[in-house]
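Right, one structure below, let's go through it.
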Amino acid sequence: MGLSAVASRVATRAPVPVFPVAGLGARAAVDDLLVETRLRIVDTPAAANVLLLAGDVPSGLAAELARLHDGMSRPRTSLWWTLGASVRPAIRCPTEVRDPDPSILVDAVVDVHRRLLTGELASSYPQLPDEDAAPWRGIGPYGQGGTGMTGGVPYGRPMAEVAPDRDGLRLDQLTVRIGPFFARFPTGLVLELRLQGDVVQEAQLALPAGDVPMSGVATTPFGDALGVPVRVSVLEVERARSHLRSIASALVAHQLGSLAQRVLRLAGKVRPGDDHEIERLHRVLRRSQVLGWATTGVGHIAPERLEGTASGPILRASGVARDERADDPVYGGLGFEPIVHEGSDARARLAQRLAEARQALELAGRAGELDHDPESPLESPRGRLAAGDLPARRVLPLIPSLLEGMEWGDAVSTVVSLDLDTDEVLALHATDPKVSVP
Amino acid sequence: MLSPLAAALAVFVCAAIAMVALRSASDAIAGVGETAPERVPFLGGHSPEVHAWSRFHARYYVMALLFLAFDMEMVFMYPWAVVFVREGGIALAEMGMFITILLVGVLYAWRERALRWA
């Protein structure tokens, strides 16, 4: 047996490096893959061999998807986990998994990876032509694409422009577009940034236009509750799960992967009345110094700026006791009182979601057979929800001014702490291509 | 025994072989044959608009200077420790003055926000 065959056989036993893309209605399923020990969820396609497309990845993102595919190391392949979606992804996927059961998906991914390494399955070809962004070869005294230190287009890209920095120096300003497949952000969120070093000088939102079916938004119990009566206990358990998933993604963003796995496992198994489990988690998270340092004072939003924009946990984490459930007689009968936290930073938002998850499980335990009336106001885990009034739409315009002056790491923590819903961000693509920035 | 000339030749041949081996090993792992879109850094799906060669403010330089100041202070402290017992209080006062001046420098840098990273 040759050396490469031995190496391939050893490599097939390792966890499969997977870069997942969560489409419409697939965010929760993709987030839960983090607890699978046979997969290694990676943040960049260069580290992955398998591109996992889950759910409905909008056709408007075809060009970006092709670039993402070409960024993967060889050997590589794409796999489509349909999760009930009917529209095929824009790039060819040799393997499709129709079963929503994650263990069947993991079996399929491991099998695809094994076949890829042993050569049974061919590595996929580049999607994009081999063309530089601009001609540069042979131009300039050394053929590097330009003249002097900052002239021309070395390697096909112009040099950065200079702009004054906060110390009055004139330094280079990089223009980068992050997204729509940046691992920490909801799919579809594109930030256009001007960076000096790692400081964000200017941020803008860019949501590309494309056809996005609205079906994804209605697949959660909260989407159903807009039209039909839904058990309060079902809504509250779903709220607790959503908050726990949000906390897990914040933990992943702070490189606390094992804690995130623990939170996700809890999110998968919570039942009404499990609030003591959350209490235990609260003690663990409070002990984490890393989390405290990384979130205290980060992403502070003045409460008056939230007036009329954000609702839900973001608003309540800045000390405003506004909750749609307080106006609902069903919740009034359960003795519901809104929880608030002071601080208005990423730490307060984490603490708020944790406290609300605990309260939700407590309420679910007491709610019994009670139903939510579709006529009553609806508080989703991310704030007030009504037909055509999505929480993400109100939060997104806050982001650009919030990020200016932040270091990139804090900017990521801030966006993660706002808990934007992938489905809502993707749904916005269909309605308006550019979110107006006040 | 090898003659000096043979030894030099052997070293030269070994070095040449090592260079060729390293070169081909680096070619093997450097992704030769990748297309232009495969070589660009990942930004989440968009290609970079400007080149990544850019000048940015090296904020750690102030910290490096502070480190050097206290490093030199340690150099001064070694001979000082040798004569400290003989000179007594005067040596202590001198060292106190020296460290105070350095500390004022740190406080100045702190006030000027030089220790702020971003």
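Chains A and B are the protein sequences, given in the same order. Numbering follows the working numbering, with no gaps: position 84 of the first sequence is 84. Numbering follows the working numbering, with no gaps: position 115 of the second sequence is 1115. The C-beta atom is built at its ideal place from N, Cα and C for all residues, glycine as well.
In this structure, does DSSP put Leu-450 (chain A) in helix, strand or coil? Outside the displayed range of chain A (1 to 438) lies residue 450 (chain A), so it cannot be described from this structure.
Would you call Phe-1076 (chain B) buried or exposed, if buried means 16 or more other Cβ atoms sit within 10 Å of its Cβ? By the neighbour-count rule (16 or more Cβ atoms within 10 Å), Phe-1076 (chain B) is not buried but exposed.
Spatially closest choice to Arg-27 (chain A) from A:Ile-301, A:Lys-269 and A:Ala-248, by CA coordinates: For Arg-27 (chain A), the closest alpha carbon among the candidates A:Ile-301, A:Lys-269 and A:Ala-248 is that of A:Ala-248.
Does Glu-131 (chain A) have its Cβ less than 9 angstroms from a Cβ in chain B? Output row for Glu-131 (chain A): interface = yes.
Start and end residues, alpha helix (DSSP H) containing Arg-40 (chain A): Not the alpha helix (DSSP H): Arg-40 (chain A) falls in the beta strand (DSSP E), residues 39 to 41.
Could you work out which residue in A:Arg-194, A:Ala-355 and A:Gln-261 is closest to Pro-400 (chain A) when comparing CA atoms only? Of the residues A:Arg-194, A:Ala-355 and A:Gln-261, the one whose Cα lies closest to the Cα of Pro-400 (chain A) is A:Arg-194.
Quick one: any contact between the stretch 1060 to 1071 of chain B and the stretch 169 to 181 of chain A, if contact means 3 or more CB pairs under 8 angstroms? Flag = no, the stretch 1060 to 1071 of chain B and the stretch 169 to 181 of chain A do not touch.
Return the chain-ordered list of same chain residues with a C-beta closer than 6 angstroms to the C-beta of Gly-514 (chain A), the five sequence neighbours on each side being excluded. Absent from the model: residue 514 (chain A). The displayed extent of chain A is 1 to 438, so no value can be given.
From Pro-381 (chain A) to Ala-348 (chain A), what does the alpha carbon distance come to, in whole angstroms? Spanning the two alpha carbons is a distance of roughly 16 angstroms.
Contact with chain B by Arg-177 (chain A), beta-carbon distance below 9 angstroms: So yes, Arg-177 (chain A) belongs to the interface.
Which of helix, strand or coil does DSSP assign to Leu-370 (chain A)? If DSSP states are grouped into helix, strand and coil, Leu-370 (chain A) belongs with coil.
Three or more beta-carbon pairs under 8 angstroms between the stretch 132 to 151 of chain A and the stretch 37 to 51 of chain A, yes or no? Counting C-beta pairs closer than 8 angstroms gives fewer than three between the stretch 132 to 151 of chain A and the stretch 37 to 51 of chain A, which falls short of the contact rule.
In chain order, which beta strand (DSSP E) runs of at least 3 residues are fully inside the stretch 309 to 391 of chain A? With a minimum length of 3 residues, the continuous beta strand (DSSP E) runs that stay inside the stretch 309 to 391 of chain A are 378 to 380 and 383 to 385.
Starting from the beta carbon of Pro-45 (chain A), find every residue of chain B whose beta carbon is closer than 7 angstroms, and list them in chain order. Simply Phe-1042.
Provide the residue(s) that pair with Leu-13 (chain A) in DSSP beta bridges, ordered along the chain. Inspection of the sequence shows that residue 13 (chain A) is occupied by Arg rather than by Leu. Per DSSP, none; premise fails for Arg-13 (chain A).
Interface residues of chain D facing Tyr-155 (chain A) [CB-CB closer than 8 angstroms]: Checking the listed chains, one finds no chain D in this structure; the protein chains it contains are A and B.
DSSP on Trp-408 (chain A), reduced to helix/strand/coil? Note: Trp-408 (chain A) maps to helix in three-state DSSP.
Tell me, please, whether the stretch 314 to 327 of chain A touches the stretch 342 to 358 of chain A by the rule of three or more beta-carbon pairs shorter than 8 angstroms. These segments touch.
Checking contacts by CB at 9 angstroms: is Gln-289 (chain A) closer than that to chain B? Not an interface residue.
Do we get a CB-CB distance below 9 angstroms when we pair Ser-1024 (chain B) with the residues of chain A? Taking Cβ atoms only, chain A never reaches closer than 9 angstroms to Ser-1024 (chain B), which makes this a no.
Measure the beta-carbon distance from Trp-136 (chain A) to Pro-154 (chain A) and round it to whole angstroms, keeping in mind my assumption that it falls under 8 angstroms. The beta carbons of Trp-136 (chain A) and Pro-154 (chain A) sit about 6 angstroms from each other, so the pair counts as a contact at 8 angstroms.
Does the CB of Ser-215 (chain A) have a neighbour CB from chain B at under 9 angstroms? Model confidence at Ser-215 (chain A) stands at a pLDDT of 48, short of 50, so the residue's coordinates are unreliable; what they give is reported in the following sentence. With 9 angstroms as the cut-off, Ser-215 (chain A) does not count as an interface residue toward chain B.
Less than 6 angstroms between C-beta atoms, sequence neighbours within five positions excluded: which residues of the same chain meet that for Gly-392 (chain A)? Before going on, a small fix: residue 392 (chain A) reads as Ala here, not Gly. Exclusion of the five residues before and after Ala-392 (chain A) leaves Leu-420, Asp-421, Glu-424 and Val-425 as the residues of its chain whose Cβ lies within less than 6 angstroms of its Cβ.
Identify which residue in A:Pro-89, A:Val-330 and A:Asn-49 has its Cα closest to the Cα of Met-72 (chain A). Minimum Cα distance to Met-72 (chain A) is reached at A:Asn-49.
Kindly say whether Ala-1111 (chain B), judged by its beta-carbon, lies nearer than 9 angstroms to any beta-carbon of chain A. According to the sequence provided, residue 1111 (chain B) is Arg. The question's Ala does not apply to it. No, Arg-1111 (chain B) does not count as interfacial toward chain A.
List in chain order: all unbroken beta strand (DSSP E) runs of 3+ residues lying wholly within the stretch 137 to 196 of chain A. Secondary structure remark: continuous beta strand (DSSP E) runs of at least 3 residues inside the stretch 137 to 196 of chain A, in chain order: 161 to 164, 170 to 178 and 191 to 196.
Between the C-alpha atoms of Arg-286 (chain A) and Val-57 (chain A), what's the straight-line distance to the nearest angstrom? Approximately 37 angstroms between the Cα atoms of the pair.
Starting from Thr-95 (chain A), follow the beta strand (DSSP E) in both directions and report where the run begins and ends. Per DSSP, Thr-95 (chain A) belongs to the beta strand (DSSP E) from 95 to 97.
Report buried or exposed for Met-159 (chain A), applying the criterion of at least 16 other Cβ atoms within 10 angstroms of its Cβ. Counting the other Cβ atoms within 10 Å of the Cβ of Met-159 (chain A) gives 16 or more, which makes it buried.
Between His-282 (chain A) and Leu-390 (chain A), is the Cβ-Cβ spacing less than 9 angstroms? No, the Cβ-Cβ distance between His-282 (chain A) and Leu-390 (chain A) is not below 9 angstroms.
Since Ser-1024 (chain B) is in the alpha helix (DSSP H), which residue starts that stretch and which ends it? 1004 to 1029 is the span of the alpha helix (DSSP H), which, as asked, contains Ser-1024 (chain B).
Between Asp-371 (chain A) and Arg-231 (chain A), how many whole angstroms is the CB-CB distance? I'm expecting something under 8 angstroms. Contact between Asp-371 (chain A) and Arg-231 (chain A) is confirmed by a C-beta separation of about 6 angstroms, below the 8 angstroms threshold.
I'd like to know whether the C-beta of Glu-161 (chain A) is nearer than 9 angstroms to at least one C-beta of chain B. Yes, because at least one Cβ of chain B sits closer than 9 angstroms to the Cβ of Glu-161 (chain A).
For Ala-1093 (chain B), report the span of its alpha helix (DSSP H) as first-last. Run containing Ala-1093 (chain B): 1089 to 1111, per the alpha helix (DSSP H) assignment.
Counting contacts by CB-CB distance shorter than 9 angstroms, is Leu-3 (chain A) in contact with chain B? Chain B, which has no Cβ nearer than 9 angstroms to the Cβ of Leu-3 (chain A), makes this no.
Chain A contacts from the stretch 1053 to 1070 of chain B (Cβ-Cβ distance under 7 angstroms): Listed by position, the residues of the stretch 1053 to 1070 of chain B near chain A (Cβ gap below 7 angstroms) are Trp-1053, Ser-1054, Arg-1055, Phe-1056 and His-1057.
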